[in-house]
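Enquirer:
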Amino acid sequence: MAEEKNRERLARIIDAFPHRRITVIGDLIADEFLYGRISRVSREAPVLVLEYHDLIRVPGGAGNAANNLLDLGCRVSVVGKIGRDEAGADLLRILAGKGADVSRVREADSYRTPVKTRILAGAHHSTRQQVVRIDRGECATGATLELQWAADAMRESDGIILSDYQYGAAAPESLEPIRGLAAQKKIPVVVDSRFRMAEFSGVTSMTPNITELEAAAGLSIGADAPLLHKVGQRVLRRQNLQSLLVTQGRFGMTLFERRRPPLHIPIFGTDDVADVTGAGDTVIAVFTLAMVCGASCSDAASLANFAGGIVVMKRGTATVNRIELQEAIRRDPPTAPDGDSTIP
C-alpha cells in the first residue's frame, strides 16, 4: 500500500511538469560525437586508422539541462552566450526547435562556443568506445555574463538552474541579483558547478557528484559513508543551503537536508552503464523541476535518481522523458520515504 501511494504521488509530480517554466542560466556547450570504424594500423605511425562514419552534435552543459527539461514537457528560458560560429548556431537551432526561449542568449564576437568532441571507434561488429576527447574553448578568467538584462526571464519562471562549467555564464559573482530575485518570488535556485562549488552559497540546493564534492572539501571520501555524511552536513551549514544532493555513480545518491538525517538512494537499474556523459545535467533538471512542481526534496531526489539511471543506459549526451520516468516508477518501488510533497 505504501509503495503504491508513493508511486501515485511521484506520478502526479511528473504530470505537473508541463505546467512549469524554468530559467536555465549557464555555459552552453556543443557536445560532438564522431563515430568511426577501425580499418587498419597506419603505415605512417603506430596508430589506428578510422573510417569516418558520422558526426552528431547535441546540446551539452547548460544546454543539456535545458534539453532535458524540454523533453520532460517543461517550458524553458535559456540565458547564456555563444560565439558567432557554427556550433553556437546549431545549439540555438536545436533548443529553439524544441520550443525554448533563446532570446536571451547573447552572441559574442570575441567568444568561441565551447565544443567537446568525443571520438568513438570500434571494429565492424563491436560496440564503438570513446578513445579520445578534444575540448575547444577556454575557461573564462573573470569574464562573466551580465545577468541584469535577463531578469524578466527569471521573474516569469518557477525556478532557476545555474550550470557552471567555468566559461563565464554562471559565475559566483553574478549570483547576488539572482538570489535577491528568487527570494522575492520564493522560487528555488539550484546550482551545479563543475570546478568551484565552494564559491556558491545561499542558494536552495546544489547537485555535485562525489568527485566535485571531494575536490571542494580537499579530501578523498570514496565509499566512506560516515565521512560523506560529515562533509555533506558541513557543506549545508557553511554554504547556507536548504539541501544538497550528491551523486555517487554506481553507489546511487545521498540527499542532505537541514534538520534531517542523510537519505541514501540506491542506484536505479544496473551499474553496468553505457555512458555517463551529461548525466549530472539530467539530475539537476529533474530534481529542480520536481521541486517547482511541489515535490519534497526526497521525492525530487527519487525522481532524479530514476532519471539518472535511465540516461546512463543510453549512448552519448542523452535526455529522459515523462513516459520513461512513469514507466520506471511503475516497474520499481520508489526508494525515498513518504514525502511531504504538495502537488496542486
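According to our numbering, the sequence shown is numbered sequentially starting from 3. We put the beta carbon where it would ideally sit given N, CA and C, even for glycine.
So Asp154 packs on Gly82, CB below 8 angstroms; how close in whole Å?
Expert: Their Cβ separation, rounded to whole angstroms, is 16 angstroms, which puts Asp154 and Gly82 out of contact at 8 angstroms.
Enquirer: Give the DSSP bridge partners of Gly85, in chain order.
Expert: Note: Gly85 sits in a beta bridge opposite Ala110.
Enquirer: What would DSSP say about Arg252, mapped onto helix, strand or coil?
Expert: Helix, per DSSP.
Enquirer: Less than 8 angstroms separating the beta-carbons of Pro360 and Phe258?
Expert: This structure leaves residue 360 out entirely; the chain is present only between 3 and 346.
Enquirer: Exposed or buried, Asp111, counting other C-beta atoms within 10 Å across all chains shown (16 or more means buried)?
Expert: Exposed, because fewer than 16 other Cβ atoms sit within 10 Å of the Cβ of Asp111.
Enquirer: Is DSSP giving Ser159 helix, strand or coil here?
Expert: Reduced to three states, the DSSP call for Ser159 is coil.
Enquirer: Check for me: the alpha helix (DSSP H) holding Val237 runs from which residue to which?
Expert: Here the alpha helix (DSSP H) through Val237 covers Ala227 to Arg240.
Enquirer: Between the beta-carbon of Asp137 and the beta-carbon of Ser165, is there less than 8 angstroms?
Expert: Against a cut-off of 8 angstroms, the Cβ pair of Ser165 and Asp137 comes out as no contact.
Enquirer: Going by DSSP in three states, Ser176 sits in which element: helix, strand or coil?
Expert: Reduced to three states, the DSSP call for Ser176 is helix.
Enquirer: With H, G and I counted as helix, E and B as strand and the rest as coil, what does DSSP make of Lys118?
Expert: The answer is strand: DSSP assigns Lys118 an E or B state.
Enquirer: Could you tell me the distance, in whole angstroms, from the CA atom of Ile58 to the CA atom of Gly318?
Expert: Their Cα atoms are separated by approximately 9 angstroms.
Enquirer: Could you check if Glu175 is buried or exposed, using at least 16 other CB atoms within 10 Å of its CB as the buried criterion?
Expert: Result: exposed.
Enquirer: Taking Asp226 and Asn70 to be in contact with their CB atoms under 8 angstroms, please state how far apart those CB atoms are, rounded to whole angstroms.
Expert: In fact, because the Cβ distance is near 31 angstroms, the residues do not count as touching under 8 angstroms.
Enquirer: What distance in whole Å lies between the Cβ atoms of Arg239 and Gly204, which are believed to be in contact at a cut-off of 8 angstroms?
Expert: Gly204 to Arg239, Cβ: 12 angstroms. No contact.
Enquirer: Among residues of its own chain, excluding the 5 on either side of Gly311, which ones have a beta-carbon nearer than 7 angstroms to its beta-carbon?
Expert: Correct list, in chain order: Ile269, Phe270 and Gly271.
Enquirer: What did DSSP end up calling Arg14 once you bin it into helix, strand or coil?
Expert: Correct three-state label for Arg14: helix.
Enquirer: If you measure from the CB of Ala102, is any heavy atom of the ligand ATP nearer than 7 angstroms?
Expert: The ligand ATP is not part of this structure, which contains no ligands at all.
Enquirer: Between the stretch 33-48 and the stretch 102-111, do at least 3 Cβ pairs fall closer than 8 angstroms?
Expert: The stretch 33-48 vs the stretch 102-111: no contact.
Enquirer: With a CB to CB cut of under 7 angstroms and the five nearest residues on each side skipped, what residues in its chain are close to Ala338?
Expert: Model confidence at Ala338 stands at a pLDDT of 49, short of 50, so the residue's coordinates are unreliable; what they give is reported in the following sentence. Leu265, Ile267, Ser300, Asp301, Ala303 and Ser304.
Enquirer: Do Gly161 and Pro190 have their C-beta atoms closer together than 8 angstroms?
Expert: Contact flag set, yes.
Enquirer: Cβ of Thr290 within 8 angstroms of Cβ of Thr249?
Expert: Not a contact, by the Cβ cut-off of 8 angstroms.
Enquirer: What's the gap between the Cα of Leu93 and the Cα of Pro228?
Expert: C-alpha separation (whole angstroms): 42 angstroms.
Enquirer: Indicate whether Asn307 and Leu74 have their beta-carbon atoms separated by less than 8 angstroms.
Expert: No.
Enquirer: Assuming Val117 and Gly139 make a contact with CB atoms under 8 angstroms, what is their CB distance in whole Å?
Expert: So it is a contact: roughly 6 angstroms between Cβ atoms.
Enquirer: Considering only residues of the same chain and omitting the five flanking positions on each side of Ala152, which have a CB-CB separation below 6 angstroms?
Expert: Taken in chain order, the residues that qualify are Val81 and Arg106.
Enquirer: State yes or no: is the C-beta of Arg130 within less than 8 angstroms of the C-beta of Arg120?
Expert: Against a cut-off of 8 angstroms, the Cβ pair of Arg120 and Arg130 comes out as no contact.
Enquirer: Let's see if you can read the secondary structure: which residues bound the alpha helix (DSSP H) around Gln328?
Expert: First-last of the alpha helix (DSSP H) with Gln328: Arg324 to Arg333.
Enquirer: If we ignore side chains and look at the alpha-carbon of each, how far apart do Ile16 and Glu10 end up?
Expert: Distance between the alpha carbons of Ile16 and Glu10 is about 10 angstroms.
Enquirer: For Arg196, does the three-state DSSP call read helix, strand or coil?
Expert: Three-state result, Arg196: coil.
Enquirer: Starting from Ile286, follow the alpha helix (DSSP H) in both directions and report where the run begins and ends.
Expert: That run of the alpha helix (DSSP H) goes Ala281 to Val294.
Enquirer: May I ask you to report which of helix, strand or coil DSSP gives Asp137?
Expert: Residue state, collapsed to three classes: strand.
Enquirer: Indicate whether Leu50 and Ala123 have their beta-carbon atoms separated by less than 8 angstroms.
Expert: In contact: Leu50 and Ala123 (Cβ atoms closer than 8 angstroms).
Enquirer: Between Pro48 and Val78, what straight-line distance do the alpha-carbon atoms span, to the nearest angstrom?
Expert: So the two alpha carbons sit approximately 48 angstroms from each other.
Enquirer: Output yes or no for whether 8 angstroms exceeds the beta carbon distance between Leu230 and Val237.
Expert: Going by C-beta atoms, Leu230 is not nearer than 8 angstroms to Val237.
Enquirer: If you measure between the beta carbons of Gly85 and Tyr54, is that distance less than 8 angstroms?
Expert: Result no, Cβ atoms of Gly85 and Tyr54 do not sit closer than 8 angstroms.
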